[in-house]
Every structure is written in structure tokens, then in C-alpha cells.
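Here the structure comes first, spelled out in C-alpha cells, and everything after it is commentary.
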Amino acid sequence: MTIVPQITTGDRLTSIAPRECLNAGLEPLADFAARVKEVEATLETLEHVAGDAAARSVARLRHELAEFEPAITFLGQVKAGKTTLVNALAGWSDLLPADVNPWTSVVTSLHLMPGTHRKEVGARFQLMKEDEWDRLLNKGGRLGELAQRADAEGELAKIREQIEALREKSRRRLGKKFELLLGQEHEYGYFDKNLLERYICLGDDFLDEDAPEEEEHQGRFADITRAADLYLHCQTMPMQMCLRDTPGVNDTFLMREQVTINAVRESRICVVVLSAHQALTSVDMGLIRLISNLHSRDVVIFVNRIDELRDPAQQVPEIEQSIRDTLARHNGPQDAEIIFGSGYWANKVLSESLDEMSKASSDALVNWAQRELVDSELDLSPAEMVWHLSGLPKLNRAIADQIVTTLGNPKLRKIASAAVTIASGLQAANIVRIEGASADTSVSFNQVTGEFDALVATHMKALHDQLANVTGAYHDRADRAHANFVERATHSLIEHLERNGDHDVWEYDPTGLRVLLKSAYSVYSSRAQTAANTCYKAAVIDVAELLYKSFGNAIEGIQLSIPEAPDPPAPVMLAQTIVLDFNDGWWVSWWRRTRGYKAFATRFYGMISAETADFMAQFKTIPPQDFNAQMEAVLKGLLDQCHDLLFEIGSSRGNKEHLQSLLLNGEERDRREVIDSLLETLQVHVARSSEEALAI
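For the sequence shown, this note's numbering assigns the number 2 to the initial residue and increments by one for each residue that follows.
Listed below in C-alpha cells is the structure:
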């Protein structure tokens with residue numbers, strides 16, 4: 002196929018308005034956003050017709066829906082082009098600085114909001130805490146701690162030298178304010194390029210004393226900035242979302258590794274950005290370890306910089322096969338979607354500078370177009386064609402599908418189901434108001450609420466105790482796995498020394514420990530979900546029985562929904578580097594310097610135990626702590642809603658003398674009809690979200 006002449010090198014290419022490009026691929030998200038608006042409107046009407054008690058529950062649901070902001074975390078090595086890609090997705094070619102000094106360890110979150118309504122906060126920057134800075138300066142970060150335990154004086158000296166340079170640079174930038182700034186949070190009602198450079202870019206390390214003021218402020222806080230949140234309006238975005246740009250996983254002090262792990266913990270969807278020239282090389286093991294702990298459905302791989310390939314049409318299939326082979330060898334997400342493209346091409350469209358593209362990049366574009374474009378796409382404008390070839394529409398589509406299926410539908414089903422319970426409860430309250438309670442009314446409402454409070458305490462304690470038992474068993478299993486791993490590694494080392502002496506470097510893959518711990522976590526999370534679902538069901542049954550005992554047949558129409566336990570967070574902490582992940586440098590020199598097999602084994606055992614102690618403590622504590630809190634929050638939310646429902650119906654009891662006026666009151670009749678209509682609408686949304694979930 003011959004590509005249209007407009008893409009050949011040297012032609013003047015004029016970009017169209019970004020909206021036509023930026024919307025491409027977001028169709029599923031636009032459809033979902035329309036459903037969200039329908040549910041929002043339904044909830045607003047429901048709150049208006051509800052009584053005071055039920056209105057509180059509806060208000061909580063409205064707040065939860067309004068706060069729904071899917072987060073997509075971008076991972077990858079430094080210089081893979083993550084920032085350039087994020088800029089293109091946001092529709093702002095030079096928004097974030099794409100050439101950040103490798104010292105920085107900043108997670109930048111772009112909060113994209115549809116519409117033009119300006120929020121009070123435009124930018125928020127979190128600065129490093131004192132204990133984080135102290136660990137870096139005094140111990141050289143995690144890598145320095147490893148070197149200390151291994152007595153690797155050469156490597157430790159290099160790390161200390163770099164740390165001293167960092168200390169001196171920070172002192173020059175911040176002076177006496179340094180200690181006062183630690184732990185602070187700075188907010189601005191705006192953001193611009195200069196502000197971002199002040200907090201994210203380090204700028205020139207060797208400024209002259211008489212440098213201009215604006216130059217002195219460049220990178221002023223970058224040494225100690227740990228996170229940046231930027232809020233911007235994007236009229237092409239169907240709904241709000243967060244694009245989280247991470248600093249990369251390859252760095253001297255393993256600072257970025259921990260920063261990235263924490264960022265992934267806060268997101269369900271990850272885009273792994275690879276460079277076409279270095280797609281999953283040997284230095285990407287940290288990245289592979291990280292994504293191997295995620296579900297395939299939660300990972301999208303974007304191979305960037307195909308504009309730098311000589312023959313992308315020929316090379317792309319080879320690169321894709323290489324990536325899948327590497328993932329297969331290292332237990333990575335083999336079914337993850339892989340998309341090829343160029344953030345550089347996309348940003349050329351946004352900046353209307355296609356004519357400034359280098360000849361090599363233009364040649365690669367034509368080569369790729371001959372493979373990717375079909376006849377129907379030849380009628381597109383040059384800018385639209387380049388945007389299509391950049392891979393951004395495919396990436397948009399992948400992200401949109403993930404948001405809708407993984408996060409959106411479950412959220413909408415949960416909120417709509419809870420609203421169905423409220424609406425059907427309002428119907429029951431109407432029946433009680435008109436017909437009175439058919440149950441024994443000799444029991445006072447205070448007694449009913451007392452029974453309900455006891456029910457709440459019983460079920461909250463039952464769930465807490467069951468989760469504690471499951472977590473305790475998880476701790477025991479994880480400890481056994483850890484102890485067995487260290488014993489096996491030490492035994493393997495002694496066998497190697499007895500067989501080969503100290504001439505051959507011994508290697509031992511820590512993957513086994515990660516596999517055992519991942520299995521322990523999987524068993525824990527499955528049992529915890531089962532325990533939570535059992536408790537949720539028992540609580541709903543007891544609430545239904547109390548309502549029936551208190552109000553009789555009037556409550557038969559209430560549709561009490563049983564919530565589902567949330568999905569467990571991915572065990573991404575397993576990706577943290579441990580000493581056995583190193584097979585060269587100071588690790589090799591350390592074990593070669595040690596003499597005596599027994600002494601070697603003893604020191605090795607102690608070093609591995611010390612290195613994995615903090616890792617094990619965090620892995621045993623943080624994931625179950627967070628997950629248990631989520632499951633308990635679901636039960637509390639259910640019981641809070643039932644509490645409001647109880648008061649809504651209870652406040653209607655004893656009004657039978659007003660039956661005639663209620664029947665003759667047209668406003669009351671209209672209210673009942675509105676509730677019936679709202680209930681029908683909400684049931685449709687529950688059914689649709691459930692059907693789409695089953696179709697995945």
C-alpha cells in the first residue's frame with residue numbers, strides 16, 4: 002500500500018484542533034460517563050424525596066460517586082518516555098518536564114477534570130519527611146544499607162560521595178530553611194512551567210552566585226520533593242481521572258523503587274512504558290518483578306519510541322515476541338496487552354510542529370504507516386493520521402476499557418444497589434405511614450434502635466475477629482516461608498563452596514521466596530474475602546429479621562443488597578530488591594573476600610536475615626492492614642445505611658390517623674410515583690453493570 006503524499010518528509014503539515022485527536026479511543030469512557038451522570042441525577046432526585054435519615058445515606062452515595070477518580074500509574078525505566086507519553090494523553094505537549102535529572106524521585110499526579118470550573122487548589126507539593134531524608138543521608142538509602150551489611154567499603158564509599166554531593170547541593174539551595182521545610186506541604190491556586198521546575202527539575206548544579214533570580218529558583222525544592230499533584234481541566238476528557246507519572250525504577254539508592262511501589266499500591270491500572278530500543282532488557286528485572294505481581298488485566302504495555310527504529314514495520318513483531326518471551330521466562334503477565342507507538346509523534350501533533358520532525362523520524366513514520374493504516378484511514382487529515390500512528394488512540398481505548406470493566410462497573414453496581422435499598426426502603430416507609438406497622442407495636446422504637454446497635458457491635462466484632470484469625474495464619478505461613486528460604490539458600494551456598502571452592506561465584510535466585518510469599522498472600526486474601534462475604538450476609542439477614550419484627554409485612558418489598566468484599570490489593574511490595582538480586586559488583590567481591598565456609602555461611606545467614614527483616618515486616622503488615630480496613634469499611638457502610646433506613650421507616654410509624662389526608666394529598670401521591678420511577682431506573686443500572694461484569 003502507498004501512503005498519501007502528505008506524510009512525506011518536507012511537506013507542511015498543519016494540526017487540527019486537539020479535541021478530534023484526544024477523543025479518539027475514549028468512546029467506552031464517554032459511554033460510562035453518561036451512565037454515571039444518569040445515576041448522579043437519579044441520586045439527586047432520590048435525596049430530594051427522601052426523609053432526613055435516608056437523605057443522609059443518599060448524600061454519602063453521591064459523595065462517593067463524585068469522588069470516583071480512576072488512577073493510572075505509568076511505570077518504566079528512566080528515559081523510556083513516560084513523561085512525554087503522559088503529556089500527550091493530557092493534551093499538553095510541554096506540560097511536565099520530560100528531561101528530569103535522575104536524582105529526583107517525584108511521583109507527579111495529573112488530575113484531569115472535565116469542564117471549565119476552576120478548583121481552589123491548582124497544585125500541591127509534598128516534601129520529604131525528616132526520617133526519609135535522614136535515612137538517605139546517614140545510611141545511603143537501601144543500597145547503602147545493603148553495602149554496609151556486606152562490608153562493601155568500595156561501593157559504600159561511592160555512595161557516600163554521591164550523598165555528600167547531594168547534601169552540599171541541598172545546603173546551597175535551601176540554606177537554613179532546609180530542616181524547616183521537611184514534611185511540609187505547599188499548595189498553589191495555579192501551576193505553570195516555572196513552578197514545576199522549582200519543585201521537580203533540579204536545574205543547574207553549579208549556579209553562579211550572581212545568577213538571575215529566576216535561575217536561582219529553578220529546582221529549588223526538587224531535592225526534597227516526594228510527590229506533586231496537579232489539577233487541570235481537560236474538556237476532551239469524559240470524566241475525571243488521574244494520570245500518575247513515576248520517576249522510574251532504576252536508581253542509585255533504590256529510592257525510586259520504593260516510590261514506584263507505593264504509587265502502584267494506590268492504583269489498580271498500570272501502563273508499563275518500554276523503549277523500543279531496550280524493551281525489557283536485563284536491567285528491567287525490577288520492573289518485571291513489579292508487574293509480575295499484578296493481574297494481566299490490570300497491565301497495559303506501551304512500547305514507546307518506535308520513531309527511533311530504522312524499520313518499525315519489520316522490527317515491531319520481533320520486539321513484541323521478545324517481550325512476551327521475557328515475561329514468560331520470569332512469570333510476568335503474559336496476556337497483557339502490548340501497544341506500539343511514539344509519544345514524540347503525538348506531541349508533534351499537539352504542538353503543530355509536524356514539519357519540524359527529523360528525517361529519520363519521518364522515514365520511520367512512513368514505514369509504520371504502510372503497515373498500520375488501512376484504506377478507510379487514508380481520508381484522515383495528516384495530523385489525524387500521525388495521531389493514529391502514534392498509538393495514542395489504542396492506548397486511550399485500552400485505558401478506557403480497563404477503567405470501565407475493572408473499576409467503573411463495580412463502583413456503579415455498588416452505588417446503584419445501595420440506592421435500590423434506600424428507594425425500596427422509602428416505599429416501605431410509605432406503606433407504614435399509610436397502613437401502620439403490622440408487627441407488635443408494643444415494642445418502643447428506642448428498644449428497636451437498642452437492638453440494632455447491639456447487632457452492629459456484634460457483626461463488626463465478628464468480622465474483626467475473623468480477619469484477625471486469617472491474618473494471624475497468614476503471618477505464620479509467611480514466617481515459615483521466610484525461614485525455609487534462608488535455610489535453603491544457606492545450605493545451597495555451603496554445598497557450592499564444598500564442591501567448587503571460592504573460585505566460582507555462587508548465585509541463588511530469590512524468586513522462590515517471592516513465589517512462596519505470593520502464595521501465602523493469595524491464600525490469606527481468598528480466606529479474608531470469604532470471611533467478609535459471610536459476615537456481610539449474616540449482617541443483612543439479621544437486619545432483615547429486625548425490620549420484620551419491628552414493622553411486619555410492610556418491609557417485604559425492601560431490597561436489601563449484600564455487598565461484595567473488595568478485591569485485594571496486588572502484593573507489589575514483593576518487587577522490592579533484596580541482596581540476592583545482585584549478581585555482580587560488591588555482592589561478588591564481598592563473598593570472595595570471606596574465608597572459611599562456616600564463617601561465610603554464618604555471616605551470609607545474618608546478612609540475608611537482616612536484609613529481609615524490614616521487607617518481611619512490611620509485607621506481613623501493610624497489605625493485610627489495608628485490605629482488612631477496606632473490608633471493615635464496607636460492613637460499616639452497610640450498617641450505616643441500614644441505620645438510616647431503620648430511622649426512615651421508624652419515623653413513619655404511628656401516623657395512621659393521617660391516612661385520609663395522605664390519600665387525598667396529590668403531592669404525596671406524586672412522591673410515591675417518583676420513588677417508583679427512581680427504583681426502576683436504579684435497577685436497570687444494577688442489571689447492566691452486573692451483565693457487563695459477567696461478560697468479562
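Here a beta-carbon is modelled for each residue, glycine too, at the ideal position from N, C-alpha and C.
Integer Cβ distance of residue i from residue j, believed to fall under 8 Å
i: I340; j: V301; result: 7 Å
i: I556; j: I650; result: 7 Å
i: V471; j: A529; result: 5 Å
i: I307; j: V317; result: 7 Å
i: Y189; j: F222; result: Their Cβ separation, rounded to whole angstroms, is 12 Å, which puts Y189 and F222 out of contact at 8 Å.
i: P564; j: Y522; result: The Cβ separation is near 23 Å, so there is no contact.
i: N397; j: G26; result: 3 Å
i: F616; j: Q577; result: 6 Å
i: L231; j: S110; result: 7 Å
i: A602; j: T491; result: 5 Å
i: A91; j: C243; result: Between C243 and A91 the Cβ distance is about 11 Å, and since that is not below 8 Å, they are no contact.
Residue i (DSSP reduced to helix, strand or coil)
i: A280; result: coil
i: C22; result: helix
i: S391; result: coil
i: D1; result: Past the edges of the chain, shown from 2 to 697, lies residue 1, and the structure says nothing about it.
i: W588; result: Low local confidence applies: a pLDDT of 49 at W588 is under 50, so the model's placement there is unreliable, and no value is given.
i: F616; result: helix
i: T85; result: helix
i: L561; result: coil
i: R221; result: coil
i: M129; result: coil
i: A555; result: helix
i: M114; result: strand
i: L310; result: coil
i: Y191; result: coil
i: T237; result: coil
i: L680; result: helix
i: L275; result: strand
i: E692; result: helix
Start-to-end residues for the beta strand (DSSP E) that takes in residue i
i: V301; result: V300 to N305
i: T226; result: T226 to H234
i: F33; result: No beta strand (DSSP E) holds F33; the alpha helix (DSSP H) holding it covers E28 to V50.
i: R245; result: M242 to D246
i: L295; result: Here L295 belongs to no beta strand (DSSP E), and DSSP marks it neither H nor E.
i: A72; result: A72 to L76
i: I579; result: Unbroken run through I579: none, as it is neither H nor E.
i: E267; result: Where E267 is concerned, there is no enclosing beta strand (DSSP E), given that its DSSP letter is neither H nor E.
i: E338; result: E338 to F341
Residues near residue i by beta carbon distance below 7 Å, same chain, minus five either side
i: E214; result: Confidence is the limiting factor: at E214 the pLDDT is only 43, short of 50, which leaves the residue's position unreliable, though a coordinate-based value still follows. Here the set comprises nothing.
i: N263; result: none
i: G452; result: The sequence shown places Glu at residue 452, not Gly. Only L547 meet the Cβ criterion.
i: S268; result: A72, I73, T74 and R245
i: S691; result: R414
Residue i: first and last residue of the uninterrupted alpha helix (DSSP H) it sits in
i: D477; result: F446 to N501
i: E321; result: P313 to R330
i: V367; result: K360 to E373
i: E198; result: K194 to Y200
i: E65; result: D53 to A67
i: Y345; result: G344 to L351
Same chain, Cβ closer than 6 Å to residue i, neighbours up to 5 away in sequence not counted
i: L328; result: Q335
i: D24; result: According to the sequence shown, residue 24 is Asn rather than Asp. Here the set comprises T237.
i: A688; result: none
i: F446; result: G651
i: M632; result: A533 and A566
i: D641; result: none
i: N431; result: R673
Residue i CB to nearest heavy atom of the ligand FAD below 6 Å
i: S58; result: Looking for the ligand FAD in the displayed structure turns up nothing, as the structure carries no ligands at all.
Contacting residues, own chain, Cβ-Cβ under 8 Å from residue i (five flanking each side not counted)
i: C698; result: Residue 698 falls outside the range modelled here, since the chain spans only 2 to 697, and no answer is possible.
i: E39; result: T682 and H686
i: L182; result: L128, L175, F222 and I225
i: H476; result: K621
i: L281; result: L275, L288, I289, S323, I324, T327 and L328
Touch check for the stretch 329 to 343 and the stretch 418 to 429: three-plus C-beta pairs under 8 Å? Counting Cβ pairs under 8 Å, fewer than three are found: no touch.
Three-pair Cβ contact test at 8 Å for the stretch 617 to 634 versus the stretch 389 to 402: Taking 8 Å as the limit for Cβ pairs, the verdict is that the stretch 389 to 402 does not touch the stretch 617 to 634.
Are the stretch 84 to 92 and the stretch 339 to 358 in contact at 8 Å, needing three or more beta carbon pairs? The stretch 339 to 358 and the stretch 84 to 92 touch, with three or more beta-carbon pairs separated by less than 8 Å.
contact_flag[the stretch 531 to 543, the stretch 386 to 395] where n(CB pairs < 8 Å) is 3 or more: Note that the stretch 531 to 543 does not touch the stretch 386 to 395; fewer than 3 beta-carbon pairs, one per stretch, sit closer than 8 Å.
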